[in-house]
């Protein structure tokens, strides 16, 4: 035999397979890739990379926002940030918002998704109504809730009109209630996105699995716990990632409802509102850029850790 090798022990070993040569990418294909991906890359560089680099550069200066920066202060801005108790409070508030968003919005959205995944009358209308708050502008939502929750607003008027005037509160300025008021608004605003995301994930779960579990005697809740939730795991983890990043960068609703002065005293300030108040509003754009770099760094570190220990299991095919 000319294509095999006979060993001394009598074994027969086939020769290694011949691998086909890989053809290099031609100039035409490279040009096509450049034309198709070039605009997206330019937009990403212009609106993401360049601002991050400029923020890191201006963060080393005491800068008023106009003209070339000349007052170099080195790391003084960053030292001030790390020593400022107002920033510590804002960071703590962001942490609370992250935890409360996951704890409150996740179970509520999952319960609504399980309910709306059943066949019922008006199912499509209910889905639309739940999703509507998510598509409303933050400015409109913040203004509306700010008017409703004032001490002489509609919420307290309704409580007084039904004989529950003792429950009327200063929902916005009371430090013991303001964070829960914020979570109420955030849950109302963003719960629809989580519900639609979970419903989309449930559509990819084969119905045959639930039918087989029912034939084996599993109850509805056993089916959801043993089949639906494990298979919905990747969707839940993606939603949790988006919720964490959104909570870390929260700005608009807090700034619109509480403003730059009430937010810090009410206990709802965030790193983003701190950045605007101490940077732009104080005409200290160099300091504001330094805060932006710190916020970017914290968000990036959390995103990398989450990717490494949570999302990686999905890319590797684990449940």
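Numbering (the working numbering), first residue to last: 460 to 778.
Ideal Cβ placement from N, Cα and C applies to all residues, glycine included.
Given residue i as reference, the closest of the options once Cα atoms are compared
i	options	result
residue 699	596, 542, 563	563
residue 665	620, 607, 686, 508	686
residue 750	530, 535, 625	535
residue 655	580, 771, 585	585
residue 684	502, 555, 569, 507	569
residue 726	753, 489, 506, 548	548
residue 762	546, 706, 711, 508	706
residue 510	765, 771, 747, 663	747
residue 567	651, 721, 601, 613	651
residue 637	555, 693, 649	555
residue 768	697, 733, 533, 723	697
residue 649	612, 579, 597, 722	597
residue 734	546, 485, 588, 487	546
residue 711	692, 736, 695, 688	736
residue 557	770, 708, 625, 754	708
residue 663	642, 494, 694, 606	694
residue 565	723, 691, 759, 755	691
residue 780	529, 503, 627	Lying outside 460 to 778, the shown extent of the chain, residue 780 is not represented and no answer is given.
residue 713	599, 625, 620, 677	599
residue 723	539, 523, 512, 550	550
For residue i, the residue or residues it bridges with in DSSP
i	result
residue 520	531
Cutoff 6 Å; reference residue i; Cβ partners in own chain excluding five residues on either side
i	result
residue 668	686
residue 661	576
residue 537	749
residue 752	514, 515, 518
residue 467	Low local confidence applies: a pLDDT of 48 at residue 467 is under 50, so the model's placement there is unreliable, and no value is given.
residue 572	654, 657, 658
residue 500	none
residue 641	727
residue 614	607, 608
residue 532	521
residue 756	none
Own chain, CB closer than 8 Å to residue i, minus 5 neighbours either side, in chain order
i	result
residue 681	672
Residues of its chain near residue i, where Cβ-Cβ distance is below 7 Å and the 5 sequence neighbours each way are ignored
i	result
residue 460	Low local confidence applies: a pLDDT of 49 at residue 460 is under 50, so the model's placement there is unreliable, and no value is given.
residue 561	699, 702
residue 647	592
residue 507	none
residue 770	696, 700
residue 540	546, 749, 750, 753
residue 528	517, 520, 522, 745
Please give me, in chain order, every unbroken run of the alpha helix (DSSP H) with length at least 4 that falls completely inside the region 560-620. Unbroken alpha helix (DSSP H) stretches of 4 residues or longer found wholly inside the region 560-620: 565-575, 582-594, 597-607, 613-620, given in chain order.
Segment contact, 8 Å Cβ cut-off, at least three pairs: the region 593-605 with the region 734-742: They do not touch, by the three-pair rule.
Three or more beta-carbon pairs under 8 Å between the region 706-720 and the region 630-642, yes or no? Taking 8 Å as the limit for Cβ pairs, the verdict is that the region 630-642 does touch the region 706-720.
Counting pairs of beta carbons, one from the region 727-737 and one from the region 518-527, are three or more of them closer than 8 Å? Counting Cβ pairs under 8 Å, fewer than three are found: no touch.
Ignoring anything shorter than 4 residues, give me the alpha helix (DSSP H) runs that lie fully in the region 676-712, in order along the chain. Listed in chain order, they are 679-682, 692-707.
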